[in-house]
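Residue numbers (this note's numbering): 2 to 271.
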């Protein structure tokens, strides 16, 4: 059995993650140009990247390289390097780019540190909401320094569930079909537009559950740890952990019926 990481290492990783997220968040909040435009696209013409995504990633990658040069790094906007320390940083420098582009507040910087492939530190900073979430493996989850936990599970028919949509048109059509089947069964559905923020809202008891197809590692790494440390159950397709096929996070009591319905609907399949 693998020994747990020593506290000193976790403290150091948390300090780096907090510094990176805060500095990038300030850059994004205060440096947003009035004429912000699209610098490029990713999976489709509506899946955009802005100049600020790139600036945020450069800031974070440089900070981590300076503070922990032996660590690996994986970022959404293409920054990637191998490491030799057993630590890998998984970073979304601007989660919710379309919200940011349109001036909506639901966007965040997501920074996670993995040790030997397991997330041990996660930070999600949402500057426009004035909120900083963080979690350390085995220490619980916090919002602005205060402990947070999932809300007590309601009956399935009263659950508030969040989701998100892919930017590839045929996948979006399939996701809409799943949504159409699920919506009449629950209290309501929310679509915030930033996976990391949605996962943190599950952690803070603002949502009963969340699911999404197509999340990349940087979309979910920090948020899944924060949700788990707040008491949520986190997984994917039955028998799988969260992955690109499906990510599910919910309060105990909501997780099972949500996962079962998504499995019956084959929410990960075209």
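A virtual CB, placed ideally from N, CA and C, is assigned to each residue, including glycine.
These figures come from a predicted structure and were not determined experimentally.
Check, Outcome
"Quick one: give me the first and last residue of the beta strand (DSSP E) that residue 251 is part of.", "248-251"
"Which parts of the segment 19-85 are runs of the alpha helix (DSSP H), unbroken and 4 residues or longer, counting only runs that do not cross its ends?", "52-68"
"Hey, could you find the ends of the beta strand (DSSP E) residue 90 is sitting in?", "88-96"
"Quick check on residue 221: does DSSP put it in helix, strand or coil?", "helix"
"Mind checking who residue 189 pairs with in its DSSP beta bridge?", "161"
"At what residues does the beta strand (DSSP E) containing residue 231 begin and finish?", "Note, residue 231: premise wrong, no beta strand (DSSP E); not H, not E."
"Taking 8 Å as the threshold, find out whether the segment 239-251 comes into contact with the segment 218-229 through three or more Cβ pairs.", "yes"
"Checking the sheet assignment: what are the DSSP bridge partners for residue 261?", "Answer is none; residue 261 lacks a bridge partner."
"Is it true that the segment 95-115 meets the segment 176-192, where meeting means three or more beta-carbon pairs spaced less than 8 Å apart?", "no"
"Do the segment 93-104 and the segment 16-33 touch if we need at least three Cβ pairs shorter than 8 Å?", "yes"
"Which term fits residue 271, buried or exposed, when burial requires 16 or more other beta carbons within 10 angstroms of its beta carbon?", "exposed"
"Relative to the C-alpha of residue 104, which candidate in 145, 36, 89, 166 has its C-alpha closest?", "36"
"Report the residue from 55, 15, 182, 266 whose alpha carbon sits nearest the alpha carbon of residue 1.", "Outside the displayed span of the chain (2 to 271) sits residue 1, for which this structure offers no information."
"Kindly confirm or deny that the segment 120-135 and the segment 232-241 touch, where touching means at least three C-beta pairs closer than 8 Å.", "no"
"Under 8 Å by Cβ, that's how I've got residue 259 and residue 227 pegged, so tell me the actual separation to the nearest angstrom.", "That belief does not hold up - the Cβ atoms of residue 259 and residue 227 are roughly 18 Å apart, past 8 Å."
"First and last residue of the beta strand (DSSP E) that includes residue 148?", "147-149"
"Between 8, 257, 231, 11, which has its C-alpha nearest residue 157's C-alpha?", "257"
"Hey, could you find the ends of the beta strand (DSSP E) residue 133 is sitting in?", "132-137"
"For residue 23, which residues from the same chain have a beta carbon less than 7 Å from its beta carbon, with the 5 sequence-adjacent residues on both sides left out?", "126"
"Quick check: what's the CA-CA separation for residue 52 versus residue 79?", "13 Å"
"In whole angstroms, what is the alpha-carbon distance linking residue 128 and residue 145?", "12 Å"
"Less than 9 Å separating the beta-carbons of residue 1 and residue 243?", "Within the shown structure, residues of the chain are numbered from 2 to 271, placing residue 1 beyond reach of any answer."
"At the level of alpha carbons, what is the spacing between residue 253 and residue 162?", "14 Å"
"Looking at C-alpha atoms only, which residue of 57, 232, 269 is the closest neighbour of residue 33?", "57"
"Distance, Cα to Cα, residue 175 vs residue 67?", "44 Å"
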